[in-house]
Amino acid sequence: MADKQNVVSVSDRIPALKEQRKKRANRRLIFYLSIFFILIGIVVYFQSPLSHVQQIQVEGNYTGETREIIDQSALVSGESIWSQSLGSAKERVEQIPYIEEATIERSPDNITHYCPRTDRTAYLHNNDQFIPVYGNGKLMEEQSLDTYPSDAPIIFNWQNEELLEAFFVELDKLGSGMINHISEIHPSDDDPTLLRLFMNDGIEVETTIENFASYMAPYPTVARQISEPSDGILHMKMSPYFEAFNPEEYAGRFMKSTLIRVMVG
Numbered sequence: 062m063a064d065k066q067n068v069v070s071v072s073d074r075i076p077a078l079k080e081q082r083k084k085r086a087n088r089r090l091i092f093y094l095s096i097f098f099i100l101i102g103i104v105v106y107f108q109s110p111l112s113h114v115q116q117i118q119v120e121g122n123y124t125g126e127t128r129e130i131i132d133q134s135a136l137v138s139g140e141s142i143w144s145q146s147l148g149s150a151k152e153r154v155e156q157i158p159y160i161e162e163a164t165i166e167r168s169p170d171n172i173t174h175y176c177p178r179t180d181r182t183a184y185l186h187n188n189d190q191f192i193p194v195y196g197n198g199k200l201m202e203e204q205s206l207d208t209y210p211s212d213a214p215i216i217f218n219w220q221n222e223e224l225l226e227a228f229f230v231e232l233d234k235l236g237s238g239m240i241n242h243i244s245e246i247h248p249s250d251d252d253p254t255l256l257r258l259f260m261n262d263g264i265e266v267e268t269t270i271e272n273f274a275s276y277m278a279p280y281p282t283v284a285r286q287i288s289e290p291s292d293g294i295l296h297m298k299m300s301p302y303f304e305a306f307n308p309e310e311y312a313g314r315f316m317k318s319t320l321i322r323v324m325v326g
């Protein structure tokens, strides 16, 4: 009797087991079909214009060199977005003198260059050309001007490249607010670490490459204490002072006679 009950119970379970096997087979079929259609979709995507670069943008660049940055990156619209190396493009863009660091990002159909650029801090006069100098100390000879610029100080008669690099570091520390006060920068023939500056307010300044930024930082306050323009030089060093001189005795170097010394500050 017990054996008959066992046989009946097993027979009753057979339909349920078949239903479970059917469900498992259906799930496997759905899984394989999903994989198949995903692969088909990927192939179609890469073969269609959907994977092509529709637009290349530049952000963080505010002086109009967008076309130059895109050309330098060698990224091309209309080609597959996945066939173009963003790492190589970044390295190429960072070779541009006025770009200190670049970030290039990819979206579904766009490539965006983020290029915060350094400011133009000065011009270097060379062979009747004015070569832009950027905050990272790089010169952009391709942007040289043959007319006298007025948007940044001009460096004249500089021969020592090592000192020039050191000066660029100090100049960048100074900041654009103070740099805008300077018209011309001349190294001394006798001592190339000594500088003569002609300021936009008409004052002549003597200072040094070493500690240039810290020495020149208080210039606006010190200059206001000079009541009126006079013949002389404002020494901007550790302790600023104004030194007047007779222009007839002034020749060659910055100062040939010391007649009047007025402490400032």
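Heads up: the sequence shown begins at 62 in the numbering used here, then just goes up one per residue. Yeah, the Cβ is synthetic: ideal placement off N, Cα and C, and Gly gets one too.
Exposure label - Ile101; buried when at least 16 CB within 10 Å
Ile101 is exposed by the Cβ-count criterion.
Just confirm the distance between the C-beta atoms of Asp233 and Thr182, as a whole number of angstroms; I'd bet it's less than 8 Å.
With 8 Å as the limit, Asp233 and Thr182 qualify as a contact, their Cβ atoms being about 6 Å apart.
Would you kindly check if the distance between the Cβ of Ile287 and the Cβ of Ile270 is under 9 Å?
No. Outside cutoff.
Ignoring anything shorter than 3 residues, give me the beta strand (DSSP E) runs that lie fully in the segment 185–229, in order along the chain.
The qualifying runs are 190–195.
Between the C-alpha atoms of Ile172 and Lys84, what's the straight-line distance to the nearest angstrom?
In a straight line, the C-alpha of Ile172 is about 46 Å away from that of Lys84.
Please classify Arg314 as buried or exposed, where buried requires at least 16 other C-beta atoms within 10 Å of its C-beta.
At Arg314 the pLDDT is 45, less than 50, meaning the model places this residue with poor confidence and gives no usable figure here.
From the DSSP output, read off the bridge partner residues of Pro248.
DSSP, once it has assigned bridges, lists Leu256 as partnering Pro248.
What residue does the alpha helix (DSSP H) around Gly54 start on, and which one ends it?
Residue 54 is absent from the model: the chain starts at 62 and stops at 326.
Is DSSP giving Ala274 helix, strand or coil here?
In the structure shown, the three-state DSSP call for Ala274 is helix.
Going by DSSP in three states, Gly293 sits in which element: helix, strand or coil?
Gly293 sits in a strand when the DSSP states are folded into three classes.
Assign Phe107 to one of three DSSP states: helix, strand, or coil.
Phe107 falls in the helix class under three-state DSSP.
Using 8 Å as the threshold, is the segment 190–201 in touch with the segment 220–238, meaning 3 or more CB pairs across them?
At 8 Å Cβ cutoff, the stretches touch.
From the DSSP secondary-structure annotation, give me the bridge partner or partners of His113.
Bridge partners of His113: Ser141.
Helix, strand or coil: which one does DSSP assign to Phe315?
Unreliable placement is indicated for Phe315, whose pLDDT of 45 sits below 50; no coordinate value is reported for it.
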